[in-house]
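S.K.: Pasting a structure below so you can have a look.
Numbering (this note's numbering), first residue to last: 700 to 1135.
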């Protein structure tokens, strides 16, 4: 009996290892989705509106999974990024519009994340904001240019474990579970500008343009690294697509579970106590105080946990923002691409990364509050995602482009639903703004 038990444990260990080997671009993309912009937006959502927008985390999950799977499928089947596919099959006007949209949105996101890291670090390190912002910019660029992304992302992912503070806080604090269940599955809606503005922020930081380009490009990088090519063309198999789906679904489920927990914690801890507006990093960090209330200097410990998460996820996400912009521009101009290439082999690619990051840094010195900038960046992502979703839906359903691996009717319908929902939300925001 003991031998049987040991054999079963060994089999489970092997299965776990095999499952872990499948995790790659999807998991990384999902982790980066809960970047500083996401944390700030979800915290503001819970603090401002309590549990009333909790349903967004549940209803966005299938949309997010299908959209990202569609982008990954395009990368796998075509063996090239989304910008390269658009370049081949669409006009230059469409290409330049899409690439320009991504470049602007990503650069603003970079600036917002740099500011958030500096603002969070200032909670625990007595240095001026400008010094911290310059330090994080320098560290990020040095790591991106002189270290492969896979190498240092493995280290930074450990810092992302600080996000476990949110589900732990959720468990510690007494929750109205029946209310949470209802709020998660029964949508509530208020037709006013502020409410819709935040919903677009939640949509934009969850279903983001940079994620579309990043995951498609990373699937291509995986193909190259594993030599899944024949005569320069991808060797697409049912097993490869199956593994991609597992990787993608795992990353997106973990991302949305974290989103749900952040909104609940912010609603329970901040909204209930009357803290309904997140003005700075210190306000956002207060959501974690119940987790460490029994410890001396609990306020400082909460700030330390919050800052670690913001810094780690910011360092993890900024290369994705700048990298996806660099992939888009490099594919447009036929430059060599890849974060695993040395600087001397991809000057243009790394040049885009450097310029986008430096412009992002400068955004922090025009007087916008770092935490507010994160929310504005999320809303901008929501707006920018709409035309991109239109193009992605067209590409993925095209037999000319995707051949026998085109998206199923169900998947295509889900992408169009995502496009329609986000477009309607933006129209609703504009109408509510005009009426107010």
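Every residue, glycine too, gets a C-beta built ideally from N, C-alpha and C. Keep in mind that this is a model prediction, so the values were computed, not measured.
Does the beta carbon of residue 1126 sit closer than 8 Å to a beta carbon anywhere in chain C?
M.R.: Included in the structure is just one protein chain, with no chain C present.
S.K.: Out of curiosity, what's the CA-to-CA distance linking residue 1055 and residue 1115?
M.R.: If you take the alpha carbons of residue 1055 and residue 1115, they lie about 31 Å apart.
S.K.: How far does the alpha helix (DSSP H) with residue 1044 in it extend, from its first residue to its last?
M.R.: Per DSSP, residue 1044 belongs to no alpha helix (DSSP H) and is neither H nor E.
S.K.: Around the Cβ of residue 829, are there at least 16 other Cβ atoms within 10 angstroms (buried) or fewer (exposed)?
M.R.: It counts as exposed.
S.K.: Quick check: what's the CA-CA separation for residue 1082 versus residue 743?
M.R.: Approximately 19 Å between the Cα atoms of the pair.
S.K.: Once the 5 residues before and after residue 757 are set aside, which same chain residues still bring their CB inside 6 Å of it?
M.R.: Contacts found: 883.
S.K.: Buried or exposed: where does residue 840 fall if 16 or more other Cβ atoms within 10 Å of its Cβ makes it buried?
M.R.: Burial call: buried.
S.K.: Is the stretch 1066-1085 touching the stretch 804-818, taking contact as three or more C-beta pairs under 8 Å?
M.R.: The stretch 1066-1085 is in contact with the stretch 804-818.
S.K.: Can you name the start and end residues of the alpha helix (DSSP H) that residue 946 belongs to?
M.R.: First-last of the alpha helix (DSSP H) with residue 946: 937-964.
S.K.: In or out: residue 733 buried (at least 16 other Cβ within 10 Å) or exposed?
M.R.: Looking at its Cβ environment, which holds 16 or more other Cβ atoms inside 10 Å, residue 733 is buried.
S.K.: Apart from the five residues just before and just after residue 1091, which ones in its own chain have a Cβ nearer than 8 Å to its Cβ?
M.R.: Hits under 8 Å: 766, 769, 770, 773, 781, 911 and 1114.
S.K.: Could you check what DSSP says for residue 863 in three-state terms: helix, strand or coil?
M.R.: Residue state, collapsed to three classes: helix.
S.K.: By alpha-carbon positions, which one of 1093, 1126 and 1125 ends up nearest to residue 1110?
M.R.: Nearest C-alpha to residue 1110: 1093.
S.K.: For the stretch 791-830, which segments carrying the alpha helix (DSSP H) assignment without a break, of at least 4 residues, lie completely within its bounds, in sequence order?
M.R.: Listed in chain order, they are 791-820.
S.K.: Going along the chain, which unbroken runs of the beta strand (DSSP E) with 3 or more residues stay wholly within the stretch 1060-1095?
M.R.: Entirely contained in the stretch 1060-1095, not one beta strand (DSSP E) run reaches 3 residues.
S.K.: Given a cut-off of 8 Å, decide if residue 1088 and residue 1117 are closer than it, judged by their beta-carbon atoms.
M.R.: The answer is yes: Cβ separation under 8 Å.
S.K.: Rounded to the nearest angstrom, how far is the Cβ of residue 763 from that of residue 953, given a contact under 8 Å?
M.R.: Contact doesn't hold; Cβ gap of about 11 Å is too wide.
S.K.: Apart from the five residues on each side of it in sequence, which residues of its chain come closer than 6 Å, Cβ to Cβ, to residue 886?
M.R.: Same-chain partners within the cutoff: 754.
S.K.: Going straight from the alpha carbon of residue 1041 to that of residue 956, what length do you get?
M.R.: Rounded to whole angstroms, residue 1041 to residue 956 spans 36 Å at the Cα level.
S.K.: Within the same chain, show all residues whose beta-carbon is closer than 6 Å to that of residue 802, passing over the 5 residues directly before and after it, in chain order.
M.R.: So the list reads 1024, once near-sequence residues are dropped.
S.K.: Beta carbon of residue 1077, beta carbon of residue 1121: below 8 Å?
M.R.: No.
S.K.: State the Cα-Cα distance for the pair residue 719 and residue 938, rounded to the nearest angstrom.
M.R.: At residue 719 the pLDDT is 46, less than 50, meaning the model places this residue with poor confidence; the figure from the coordinates comes in the next sentence. If you take the alpha carbons of residue 719 and residue 938, they lie about 16 Å apart.
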